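Chemist:
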Amino acid sequence: MKIVVTGGAGYIGSHTIIDILERTDHEVVSIDNFSNSNEDTFDRIEEITGKRVKNYNIDLTAYKTLKEEFFEKENDIDGIIHFAALKAVGESVEKPVKYYQNNLNGLINLLKCVQKFDVPSFIFSSSCTVYGNVKVQPVTEDTPTQTPESPYGYTKLVGEKILSDFSKTKAAFHALSLRYFNPVGAHMSGLNGELPKGRPNNLVPVVTQSASGWIDDLCVHGTDYETRDGTPIRDYIHVSDIAHAHVLALEYLQSGKAAANYDVFNLGSGTGVTVLEVIQAFEEVSEIKLNYTVGPRRDGDVEIIYANNQKAKDLLHWEINHSIEDAMRSAWKWQQYLNEVKSGDKVHHG
Ligand code: NAD
Ligand code: WQD
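Written out as structure tokens, the structure reads:
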């Protein structure tokens, strides 16, 4: 099969490319404009898999370029995995138009090309943010969605709706939205991981970068929640487990087993973990004591969310192979790799 990965230079896209190359014979082509990544990712993918992936540096919001420079050149595409999006929740509140423009126009332009070039399968990166603040946990795919607080989150909810509506118009087209919970960790080799531009916002890169002295403030945002230790509960899931789910999702779509033209799956570990438990897991595997302060609650944070992942287990035959300790160990290994090569300027960040 020939698979197009958009956002292939990014965190989850690159791990998915590695999984595809390590476990299948599929050909992979990437589209990434490096707005939140850089071309070094493809060197790292090659180091791990021994294979070089071709990337087209195209902005998905430029329809004419996408059609002429990509789809008219790359024929017979069997599936698209669409990761490319902007994902910083806080920035999306400050610059909503940038997020709607990038995330929605990118998706719409891709679907116009799917229509024109008859691509049969499509996988969309969605997020647990579409569930909002829910009392009953864990959430299943039947838990009603709510309008997310941030423009970023809203692009995911609207993106799902656009894809669902589009799927109804094409009998030979099948699509899935995969709702990721909190992807964390790095490739177990420590050679590929998350490298956000600028200061990270997500807990695990904040933890690893503060342990390395790249940033000097680790703040726990709120200890007054109604949870076992007062800090919010999330569902942290190793990025390589998330990555492999895409390979299984492609198989599921190609096998003709999908009953409907469009469906959604939760991708979470099924276990809720507090912020302090994440910090403790990191301290145990790294043998480093973290210095952190306690601050007020962060705007927009929900108290508890974790997944019921039974549907992905039953229909995609997804298994979770990595623990929270594996996630911390690999994230730390990756951070140490970055520390080593930083002085040699082999990895560019920020
Ligand atoms: P990432 O920023 O590391 O990767 C996204 C990639 O897409 C980047 O390399 C970026 O350069 C590229 N890109 C963005 N806009 C583009 C455009 N218009 N044209 C071409 N390339 C473009 O993010 P990630 O963590 O790998 O996330 C991948 C997807 O998963 C995103 O859609 C994100 O919203 C979704 N998601 C992520 C998380 C998470 O916590 N990481 C959770 C839920 C959902
Ligand atoms: C986890 C917990 C913070 C940083 C975000 C998006 C969501 C999805 C996943 C894309 C929270 C606490 C964090 C810090 C802290 N992404 N924290 N100090 O907010 O669950 O989800 O990423 O779709 O849409 O909102 O992830 O890693 O930012 O935070 O105390 O410096 O860690 O308050 O409880 P979150 P996160």
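Under this note's numbering, the first residue of the sequence shown carries the number 97, and numbering increases by one thereafter.
Glycine included, every Cβ here is placed at the ideal spot set by N, Cα and C.
Nothing here was measured: the structure is a model prediction, and the numbers come from that model.
1. Could you spell out the range, first to last residue, of the alpha helix (DSSP H) harbouring A408?
2. E436 to C224, Cα distance in whole Å?
3. Can you tell me which of the three DSSP states N151 falls into?
4. For ligand 1, is there a heavy atom less than 8 angstroms away from the beta-carbon of D128?
5. Of the choices D115, E399 and A282, whose alpha-carbon is the least far from that of E322?
6. CB of I258 to nearest heavy atom of ligand 1: below 8 angstroms?
7. Taking Y195 as part of the alpha helix (DSSP H), name the residues at either end of that continuous run.
8. At what residues does the beta strand (DSSP E) containing L272 begin and finish?
9. Run the CB neighbour count on C315, radius 10 Å, all protein chains shown included, and call it buried at 16 or more, exposed below.
10. Is the CB-CB distance between I127 and Y159 below 9 angstroms?
11. For N362, does the three-state DSSP call read helix, strand or coil?
12. Determine whether the beta carbon atoms of A345 and I219 lie at a separation below 9 angstroms.
13. Identify every residue that forms a DSSP beta bridge with T370.
14. Do N288 and I333 have their beta-carbon atoms positioned less than 9 angstroms apart in this structure?
15. Please classify R425 as buried or exposed, where buried requires at least 16 other C-beta atoms within 10 Å of its C-beta.
16. Give me the Cβ distance between A427 and T304, rounded to the nearest whole Å; I'm assuming they're in contact under 8 angstroms.
17. Just tell me which of T243, Q242, Y227 and P244 has its CA closest to the CA of T236.
18. Check for me: the beta strand (DSSP E) holding E123 runs from which residue to which?
19. Just the C-alpha distance for G446 and Q376, rounded to the nearest angstrom, thanks.
20. Pull up the distance between the alpha-carbon of N229 and that of P192, whole angstroms please.
21. Quick check: is any heavy atom of ligand 1 less than 8 angstroms from the C-beta of N405?
22. Can you grab the Cα-Cα spacing for the pair T145 / R119, in whole Å?
23. Cβ atoms of S222 and V343: under 9 angstroms apart, would you say?
24. Look up F220 in the DSSP assignment and say whether it is helix, strand or coil.
25. Thinking C-beta only, is L363 closer than 9 angstroms to D325?
26. Relative to the alpha-carbon of G202, which residue among V302, T157 and E347 has its alpha-carbon at the smallest distance?
27. Applying the criterion that 16 or more other CB atoms from any shown protein chain within 10 Å of the CB defines a buried residue, is K442 buried or exposed?
28. CB-CB under 6 angstroms to Y248, same chain, minus the five flanking residues each way: which ones, in chain order?
Modeler: The structure says:
1. Residues Q406 to L411.
2. Each residue's alpha carbon lies about 34 angstroms from the other.
3. Strand at N151.
4. The answer is yes for D128.
5. When the alpha-carbon of E322 is set against those of D115, E399 and A282, the nearest one is in E399.
6. Answer for I258: no, Cβ out of range of ligand 1.
7. Counting along the chain, the alpha helix (DSSP H) containing Y195 begins and ends at P192 to Y195.
8. H270 to Y276 is the span of the beta strand (DSSP E), which, as asked, contains L272.
9. Under this definition C315 is an exposed residue.
10. Not a contact, by the Cβ cut-off of 9 angstroms.
11. Three-state DSSP puts N362 in a strand.
12. Remark: C-beta atoms of A345 and I219 approach each other more closely than 9 angstroms.
13. Per DSSP, I329.
14. The answer is no: Cβ separation not under 9 angstroms.
15. Buried, because 16 or more other Cβ atoms sit within 10 Å of the Cβ of R425.
16. Distance from A427 to T304 at the Cβ level is roughly 5 angstroms; contact confirmed, criterion being Cβ atoms closer than 8 angstroms.
17. Ranked by Cα distance from T236, the options T243, Q242, Y227 and P244 are led by Y227.
18. Counting along the chain, the unbroken beta strand (DSSP E) around E123 starts and ends at E123 to I127.
19. The predicted position of G446 is uncertain, since its pLDDT is 41 and thus under 50; a value taken from the coordinates is nonetheless stated next. Rounded to whole angstroms, G446 to Q376 spans 28 angstroms at the Cα level.
20. The C-alpha of N229 lies about 21 angstroms from the C-alpha of P192.
21. Incorrect: N405 has no Cβ contact closer than 8 angstroms to ligand 1.
22. In this structure, the CA atom of T145 is about 10 angstroms from the CA atom of R119.
23. Contact: no.
24. It is a strand residue.
25. Contact: no.
26. Taking G202 as reference, the option from V302, T157 and E347 with the minimal CA-CA separation is T157.
27. Confidence in K442 is poor, its pLDDT being 49 and thus under 50, which makes the residue's placement too unreliable to answer from.
28. Short of 6 angstroms from the beta carbon of Y248, and not among the five residues preceding or following it, lie these beta carbons of its own chain, in chain order: V185, S188 and Y195.
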